[in-house]
């Protein structure tokens with residue numbers, strides 16, 4: 014064959030190969046399109062009491078973090094638990110060849126797309142109105158039976174009608190029961206009552222196979238423990254029985270300021286270890302700030318307005334201890350005496366005692382008050398690159414020296430919380446990952462970013478600060494664990510869970526073996542469990 018003939022042959026062969034590849038890729042694309050286009054029609058065959066929506070689902074591709082947007086193929090608005098079970102079972106029966114996944118979305122307050130399902134099904138849990146809220150008041154152990162999509166603020170208002178209240182809260186109450194119980198639910202009451210996952214009697218869960226399972230410490234205990242703090246990986250919480258206690262009507266709300274971190278932490282640890290103490294204990298860090306009393310997450314309004322308005326941090330790093338004492342009007346004298354006695358044990362700056370008095374509801378719903386103001390200014394729906402860390406007590410000073418002394422140049426982008434928690438109030442059977450010490454600190458960097466800025470208030474700058482903090486923790490081997498964790502790879506998740514990874518993985522295989530549920534955490538890939 015001549016050189017020219019060879020060239021012609023190769024050219025024809027190349028054209029044929031190219032044409033074949035184009036045809037093949039087109040065929041694959043058509044099949045993929047057919048696959049995705051058939052999924053909604055497949056979902057329409059499910060007989061539900063609620064309904065599916067296949068358009069105008071942009072709300073389900075967003076969350077409070079405003080950093081990730083993954084559009085689902087469909088949103089289920091369930092009216093019953095069976096709607097959720099049928100939907101999950103349908104996806105389970107499609108098998109591993111289907112890429113369809115399912116995410117439960119409460120009030121959409123996740124930070125990094127955890128409640129989103131790219132090309133999957135998002136379940137709008139706030140549509141779930143069954144079972145109706147039911148209060149059990151007998152036997153001296155009152156509890157409320159609620160839907161997993163119910164908001165904590167609604168539970169507060171309803172329980173107060175019976176003179177009762179849940180024991181443990183988050184700082185923000187407009188969150189769903191299923192959402193907080195899938196993480197932990199931490200606030201300033203956790204030192205005494207533990208997180209919200211330590212105050213649950215029973216759950217109803219839809220597993221990744223579409224099975225509806227009732228579980229508690231006595232019944233299906235492995236699933237019960239796994240779901241609490243389990244990041245939605247084993248099942249969707251559709252019902253929960255929440256422990257209650259007698260409620261108070263009023264709150265003495267107090268803030269005192271420290272210039273020394275060691276004194277600040279020593280007083281905090283003293284208070285959480287005392288038999289007679291406050292009902293709520295949190296701390297705030299203020300770096301390079303002019304005001305110390307108000308921030309976006311609070312409606313604190315001290316009585317001593319003139320004194321408060323004059324107080325300035327003068328660019329120093331200060332530490333604010335936030336305290337609350339619950340009481341009823343008929344024991345106000347005893348309450349004031351008790352507060353005075355407790356404060357006398359602390360070593361804060363004497364001139365920085367600020368106090369106000371509010372109702373129990375006003376105190377617990379304090380962040381929502383600030384939310385309304387920010388919404389009016391268009392400052393609520395912005396990126397929130399939050400970073401929440403659990404720092405062992407023995408390492409908190411080394412952490413503070415570097416982070417508050419060098420890395421964090423100011424705290425003008427949002428509050429920084431620092432307060433200790435007693436590990437003894439947490440069950441070691443749940444999926445929540447904690448440091449290996451009896452006392453650890455929650456350190457929360459609750460930043461908000463200007464979406465139009467490239468400066469120090471911009472998203473990229475705040476994310477770079479977060480990375481510097483995480484890199485320091487790893488390099489210094491502080492034993493820090495992330496709360497509301499977010500990782501890009503499974504190896505990072507393995508490191509996060511440590512020795513508990515095998516248990517976490519075993520439970521996943523038992524209750525969601527196709528990895529259908531909660532894909533937004535990026536822990537497991539649909540249909541692929543690396544055992």
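In our numbering, the protein residues as written are 14 to 544. Think of the CB as a built atom: it goes at the ideal place given N, C-alpha and C, for glycine as much as any other residue.
Pairwise C-alpha distance: residue j and residue i
i           : j           : result
residue 407 : residue 279 : 12 Å
residue 39  : residue 249 : Confidence at residue 39 is low in this model, with a pLDDT of 42, below 50, so the placement of that residue is unreliable and no value is reported for it.
residue 82  : residue 515 : 31 Å
residue 208 : residue 457 : 16 Å
residue 528 : residue 192 : 19 Å
residue 47  : residue 57  : With a pLDDT of 41 at residue 47, under the threshold of 50, the modelled position of this residue cannot be trusted; read the value that follows with caution. C-alpha separation (whole angstroms): 16 Å.
residue 220 : residue 534 : 17 Å
residue 172 : residue 145 : 13 Å
residue 536 : residue 505 : 9 Å
residue 521 : residue 240 : 10 Å
residue 342 : residue 349 : 11 Å
residue 75  : residue 355 : 45 Å
residue 430 : residue 409 : 13 Å
residue 257 : residue 124 : 29 Å
residue 549 : residue 201 : As displayed, the chain neither begins before 14 nor continues past 544, which places residue 549 out of reach and without an answer.
residue 49  : residue 65  : Low local confidence applies: a pLDDT of 46 at residue 49 is under 50, so the model's placement there is unreliable, and no value is given.
residue 263 : residue 353 : 17 Å
residue 198 : residue 150 : 24 Å
residue 102 : residue 235 : 21 Å
residue 351 : residue 391 : 42 Å
residue 41  : residue 77  : Low confidence applies to residue 41: its pLDDT is 42, below 50, so where it sits in the model is not reliable, and the reading given next is rough at best. Cα to Cα, residue 41 sits roughly 36 Å from residue 77.
residue 37  : residue 393 : In this prediction, residue 37 has a pLDDT of 45, which is less than 50 and means its spatial position is unreliable; what the coordinates show is noted afterwards. Their backbone Cα atoms lie some 48 Å apart in a straight line.
residue 480 : residue 467 : 17 Å
Beta-carbon gap between residue i and residue j smaller than 8 Å
i           : j           : result
residue 362 : residue 336 : no
residue 465 : residue 428 : no
residue 462 : residue 451 : no
residue 369 : residue 313 : yes
residue 531 : residue 116 : yes
residue 254 : residue 158 : yes
residue 85  : residue 540 : no
residue 545 : residue 401 : Since the first residue shown for the chain is 14 and the last is 544, residue 545 is missing from the structure and cannot be characterised.
residue 122 : residue 188 : yes
residue 184 : residue 380 : yes
residue 143 : residue 94  : yes
residue 134 : residue 104 : yes
residue 203 : residue 129 : no
residue 426 : residue 482 : no
residue 300 : residue 404 : no
residue 214 : residue 438 : no
residue 397 : residue 79  : yes
residue 510 : residue 446 : yes
residue 332 : residue 271 : yes
residue 245 : residue 444 : no
residue 276 : residue 360 : yes
residue 211 : residue 181 : yes
residue 168 : residue 179 : yes
Residue-level contact to chain B via CB, residue i, 8 Å cutoff
i           : result
residue 470 : Judged by its chain identifiers, the structure shown contains no chain B, having just a single protein chain.
Residue span of the beta strand (DSSP E) that contains residue i, given as start and end
i           : result
residue 215 : 213-220
residue 538 : Run containing residue 538: none; DSSP gives neither H nor E here.
residue 370 : 367-372
N- and C-terminal bounds of the alpha helix (DSSP H) containing residue i
i           : result
residue 349 : 345-357
residue 224 : Residue 224 -> no alpha helix (DSSP H), and no H or E assigned at all.
residue 381 : 379-389
residue 148 : Premise fails: residue 148 lies in the beta strand (DSSP E), 147-149, not in any alpha helix (DSSP H).
residue 283 : 274-286
residue 395 : Residue 395 -> no alpha helix (DSSP H), and no H or E assigned at all.
residue 560 : The question about residue 560 has no answer, for the chain in this structure spans 14 to 544.
Bridge-paired residues (DSSP) for residue i
i           : result
residue 103 : Answer is none; residue 103 lacks a bridge partner.
residue 337 : 266 and 293
residue 256 : 156
residue 456 : 402 and 431
residue 132 : Paired residue(s): none; residue 132 is not in a bridge.
residue 247 : Paired residue(s): none; residue 247 is not in a bridge.
residue 298 : 332 and 429
residue 229 : 215
Ignoring anything shorter than 3 residues or poking outside the region 481-522, list the beta strand (DSSP E) runs there in chain order. 494-496
Runs of beta strand (DSSP E) wholly within the region 171-217 (minimum 3 residues, chain order): 177-179
Only counting runs of 4 or more residues, tell me where the alpha helix (DSSP H) segments fall wholly within the region 408-451, in order along the chain. 409-415
What are the uninterrupted segments assigned as beta strand (DSSP E) that are 3 or more residues long and contained completely in the region 47-129, given in chain order? 64-66, 87-90 and 115-118
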